[in-house]
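Residue numbers (the working numbering): 12 to 297.
Everything below concerns the one structure shown next.
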Amino acid sequence: MQSRLVFVHALSPLHAGTGQEVGVIDLPIAREKATGLPYLPGSSIKGVLRDACHDKKMRADVFGPDPASDLGFAGSASFSDLRLLLLPVRSVIGTFAWVTSPYILYRFLRDVDCIVMTDVPSEVPEASEHHRCFVSAQGSSIVENGKVLLEELDLDAEASKCVGEMAEWIGKRVFPGESEWQRMLVQRLCIVSDDVLSFLLDTATEIFSRIRMQEDAKTVAKGGLWYEEALPAETILSGIIVASPVKATPDQVFATIEHLTRKPLQLGGKASVGRGLCRVTVVGGN
Numbered sequence: 012m013q014s015r016l017v018f019v020h021a022l023s024p025l026h027a028g029t030g031q032e033v034g035v036i037d038l039p040i041a042r043e044k045a046t047g048l049p050y051l052p053g054s055s056i057k058g059v060l061r062d063a064c065h066d067k068k069m070r071a072d073v074f075g076p077d078p079a080s081d082l083g084f085a086g087s088a089s090f091s092d093l094r095l096l097l098l099p100v101r102s103v104i105g106t107f108a109w110v111t112s113p114y115i116l117y118r119f120l121r122d123v124d125c126i127v128m129t130d131v132p133s134e135v136p137e138a139s140e141h142h143r144c145f146v147s148a149q150g151s152s153i154v155e156n157g158k159v160l161l162e163e164l165d166l167d168a169e170a171s172k173c174v175g176e177m178a179e180w181i182g183k184r185v186f187p188g189e190s191e192w193q194r195m196l197v198q199r200l201c202i203v204s205d206d207v208l209s210f211l212l213d214t215a216t217e218i219f220s221r222i223r224m225q226e227d228a229k230t231v232a233k234g235g236l237w238y239e240e241a242l243p244a245e246t247i248l249s250g251i252i253v254a255s256p257v258k259a260t261p262d263q264v265f266a267t268i269e270h271l272t273r274k275p276l277q278l279g280g281k282a283s284v285g286r287g288l289c290r291v292t293v294v295g296g297n
């Protein structure tokens, strides 16, 4: 059995919905029950990769046989849910910041522990005070006069070497070979308290109003107005892929997945209106 870390970088707003109405939002994004953190179900990325694989034998061996098939075996690839790692939030200074919190980072490092990877930063700033946030000591583009302004929040910035180290490590894997984007992540990463992040998750997601028109009258159809929620473009999620030697070897599993993720994929729903265009990166290994 072998495992890899997988990152998803949203190039357009990402809607992974639950299909359940919450408040005024008719189609909210999926959130974990206990933590309220957004996630993309592992079945979503597995289904997209399965559809993109045109080699029928390899598709069955890696992702499992077709539902209508009478073959009695499981696929060799298992996908965890892809959980929020970095949330892009509007910033008065520097346009936007990539925001995370200690709990998210500790959980991410726990996932990384499952995979043999080198030079993994292990130190996470204890951002427990609501009015403080940590930014990179190597230079930040979201700080002015010692302040970080996220949405309507006014936070005191504190430079931390470990923020830059974490940003550099993540950037090299989310943006391989793209030095400019790696530099941007170092300059824009911001670690806030878990409570502040919880507040931002209620205010910084995107809400779209949608309408359905009557073709003959060119007016809004009855019941044709609804609201959808999506994770903003530039959101970064992470998860784990595990390969078991059922029908395909781990090397075959990861070679197939890496081939299928060379180009952006459409994940989640609402593809016809441009939602869910994502880059997928698979890294690490044991």
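Think of the CB as a built atom: it goes at the ideal place given N, C-alpha and C, for glycine as much as any other residue.
All figures in this text were calculated on a predicted structure; none of them were measured in a lab.
- DSSP places L116 in the uninterrupted alpha helix (DSSP H) bounded by P113 to D124.
- Looking at the DSSP output, R143 bridges to D167.
- For L60, the uninterrupted alpha helix (DSSP H) segment begins and ends at G53 to A63.
- The beta-carbon separation of D92 and P39, rounded to 16 Å, does not stay under the 8 Å limit for a contact.
- Taking one beta carbon from each stretch, the segment 135-147 and the segment 191-205 have 3 or more pairs nearer than 8 Å; the two touch.
- When C-beta atoms of the segment 156-170 are compared with those of the segment 284-293, fewer than three pairs fall below 8 Å, so the two segments do not count as touching.
- For A88, the pairing in a beta bridge is given by DSSP as A254.
- DSSP places F18 inside the beta strand (DSSP E), whose first and last residues are Q13 to A21.
- Bridge pairing for T106: S102 [DSSP].
- Counting other Cβ atoms within 10 Å of its Cβ, K258 reaches 16 or more and is therefore classed as buried.
- When DSSP states are grouped into helix, strand and coil, A71 belongs to the helix group.
- For the 8 Å CB-CB criterion, S220 and L242 do not form a contact.
- Rounded to the nearest angstrom, the Cβ distance from P136 to S171 is 5 Å, consistent with a contact under 8 Å.
- The continuous alpha helix (DSSP H) containing I181 extends over residues K172 to V185.
- For L212, the three-state secondary structure derived from DSSP is helix.
- Between the C-alpha atoms of I153 and R61 there is a straight-line separation of about 40 Å.
- The C-beta distance from S87 to S255 rounds to 6 Å, short enough to fall under 8 Å.
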